[in-house]
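Engineer:
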């Protein structure tokens, strides 16, 4: 806190101001003002006394303003560059220009549990919140790799991360930037929104990189810069990195990173620049199987805390009083209704209020937890398993088929690229217990069926669409190389009753077009118009569902050499595929289709390779299907289709 000091010497008066500490370990020393004057001049000239009083008043006002600003909350920090392998020394933080913190509550925030809610007078939850380093900027030689005490960027993040992740609250006046690592120059992380992240809130921070690092060959296309943010703690989350600006004046690239947590606790954030150049002068990173040391660029790591967002007792009491008043009004207005109907209405209202607080209302139905695979899983146990929230009822074989049958759906048609084919394979496996081995590498159309208990059956089909573009435009090529359909779409038989059509695309456009962003935005409306024609008047129960473009394990399969990606550089990256989803979601909803988001399952665990396949599911030689992520996607689809699909 900035202080003001009054001193006196030799019978005169002198006033000095002492400044508070600055960032980067540096301290700001205040100036010293001396106003010593002989007493006889003060007695003889009253105007001098007036001037002296005025100066003193101005000085006290200035001290008050500086002191007030130093006690408000906005985070700034400085840093000092350190050689690689040494400890990172970060300066103290100063709090400026936000909510004032009640001093009596500071000790509560210093030692509070993540399960506690903020007290009245403390920091309140905000719709968009964050907690993380306000700035994280140090520098070392970018050609080196993390030392032995740092995590291997190629290893899956485990719940026992070797990087220390101390608990902290940025509302604490003694808050220090947590220890972390940053193996590249000019990597900055700045907070956006309120000071702490609460469960159920969209939390954000801004990531900035110095473009002079030359991490990407195609820097002129921001969407192709592969930045992946993994947030690991009680659950595994993806930080959605969206490019927001490129600043040519200072050679900086910026992303807005957002995440939506529903589990409180301590988290470790790790930032990677995938599909990148390991250091200037080298080609694009190659698959990890060939050269693990060049498969990814590890940028930074730091810690953050997510707090439980609970309503206070006062809020709960107020809510109960409002409900009671509403019930009394209903009783007065509806005296003719019996007590049983009133109880049913009250129960429905309570259920509605509970539903409004569910993760499912945000479109989030489950999360990855750091445990082995659950009993009965078809996958090899791994570091994480997919677990549904209570609001999403997991479906087994019979409940899934019965839910479709009740909606008069007798067939599911998967139409799209090979990722939709693997969803078809994994669903067949979970429903029937086997997959035809001959279909393992088949690139044509497929058909299967599953029987219901007590009679009836559901037909499963897959139709190959290897590209939705026209060869020769936007630098696109090789559409129809497997299906033989370079100009038209699959011919689907008319449904017997209702049909569910699950469509996707994206990978072929971003793999085979040198201008994939323009090509995808141009050709997707035509593909959606064809999909709409599948809805026949004689089958009113039919539905078209658009599945999000699948995330990809770019460490093993996505990052290839420049000559394989084409010139100018092209190829699949999660940055490009995320762009495809943003476009497809808007256009699919506008066309009246429902949107199935499998990205929320794939992206947090994108580095998984348990399927030993280009996809998240892989068919084995004995007719089984493996893949931790692939099974989670399939069960996610079964639960969504049975309970949330309209």
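Residue numbers (the numbering used here): 177 to 822. Beta carbons: idealized from backbone N, C-alpha and C, even for Gly. Quick caveat, the model's predicted, so the values are computed rather than measured.
1) Taking the CB atoms as reference points, tell me whether residue 692 and residue 650 lie closer together than 9 Å.
2) Which class does residue 612 belong to by DSSP, given the choice of helix, strand or coil?
3) Short check: CB of residue 674 to CB of residue 585, under 9 Å?
4) Output the distance between the C-alpha atoms of residue 624 and residue 607, rounded to the nearest integer angstrom.
5) Which one of 378, 417, 698 and 594 has the shortest CA to CA distance from residue 438?
6) Have a look at residue 728 and residue 418 and give me their C-alpha separation to the nearest angstrom.
7) Would you be able to state if there are at least three C-beta pairs under 8 Å between the region 441-448 and the region 784-800?
8) To the nearest angstrom, how far is it from the Cα of residue 539 to the Cα of residue 812?
9) Is it right to say residue 527 is buried, meaning 16 or more other beta carbons lie within 10 angstroms of its own, or is it exposed?
10) Under three-state DSSP, which class holds residue 712?
11) Mind the definition here: the region 707-727 touches the region 664-678 only if three or more C-beta pairs lie below 8 Å; say whether that holds.
12) Pick helix, strand or coil for residue 569, following the three-state DSSP scheme.
13) Under the three-state reduction of DSSP, which class applies to residue 328: helix, strand or coil?
14) Thinking residue 605 and residue 611 are a contact (beta carbons under 8 Å), I'd like their distance in whole angstroms, please.
15) Within a Cβ cutoff of 7 Å, which residues of the same chain sit near residue 411, ignoring the five residues on either side of it in sequence?
16) DSSP three-state call for residue 699: helix, strand or coil?
17) Any chance you could list the beta strand (DSSP E) runs of at least 3 consecutive residues sitting entirely within the region 741-803, in chain order?
18) On the premise that residue 759 lies in contact with residue 695, defined as a C-beta separation below 8 Å, what is that separation, rounded to the nearest angstrom?
19) Would DSSP call residue 560 helix, strand or coil?
20) In whole angstroms, give me the CA-to-CA distance for residue 414 and residue 763.
21) Check residue 546 in the structure and name its three-state DSSP category.
22) Is residue 568 near residue 536, with beta carbons less than 9 Å apart?
23) Here's a check: name, in chain order, each residue in its chain whose Cβ is nearer than 6 Å to the Cβ of residue 547, leaving out the five neighbours to either side.
24) Taking its Cβ as the centre, do 16 or more other Cβ atoms sit within 10 Å of residue 505, making it buried, or is it exposed?
25) Residue 796 and residue 802 look like a contact to me (Cβ under 8 Å); what is the Cβ gap, rounded to whole Å?
26) Smallest Cα separation from residue 430: which of 402, 593 and 779?
27) Measuring straight from C-alpha to C-alpha, what distance separates residue 678 and residue 723?
28) Counting C-beta neighbours from all protein chains within 10 Å, is the total for residue 230 16 or more, i.e. buried, or is it exposed?
29) Does the distance from the CB of residue 588 to the CB of residue 628 come in under 9 Å?
30) Hey, quick one: how far does the alpha helix (DSSP H) through residue 687 stretch, first residue to last?
31) Applying the 10 Å Cβ sphere with the 16-neighbour rule, what's the burial state of residue 804?
32) Using 9 Å as the threshold, is the C-beta distance between residue 730 and residue 757 below it?
33) Tell whether a beta-carbon distance below 9 Å holds between residue 761 and residue 686.
34) Would you identify the three-state DSSP class for residue 598, choosing helix, strand or coil?
35) For the beta strand (DSSP E) that residue 592 lies in, which residues bound it at each end?
36) Which one of 595, 615, 634 and 566 has the shortest CA to CA distance from residue 579?
Structural biologist: Considering the structure as presented:
1) yes
2) coil
3) yes
4) 11 Å
5) 378
6) 17 Å
7) no
8) 12 Å
9) Only weak support exists for where residue 527 lies, its pLDDT of 47 falling under 50; the value from the coordinates is given anyway. Classification of residue 527: exposed, given that the 10 Å Cβ count is below 16.
10) coil
11) yes
12) coil
13) Low local confidence applies: a pLDDT of 32 at residue 328 is under 50, so the model's placement there is unreliable, with the coordinate-based value given in what follows. The answer is coil: DSSP assigns residue 328 none of H, G, I, E or B.
14) 5 Å
15) 439, 543, 544 and 545
16) helix
17) 770-772
18) Actually they do not touch by this definition, with Cβ atoms about 11 Å apart.
19) coil
20) 24 Å
21) coil
22) yes
23) 561
24) By the 10 Å Cβ count, residue 505 comes out exposed.
25) 6 Å
26) 402
27) 6 Å
28) exposed
29) no
30) 683-688
31) Classification of residue 804: buried, given that the 10 Å Cβ count is 16 or more.
32) no
33) No Cβ-Cβ contact shorter than 9 Å links residue 761 with residue 686.
34) helix
35) 585-592
36) The shortest C-alpha to C-alpha distance from residue 579 to any of 595, 615, 634 and 566 is the one to 634.
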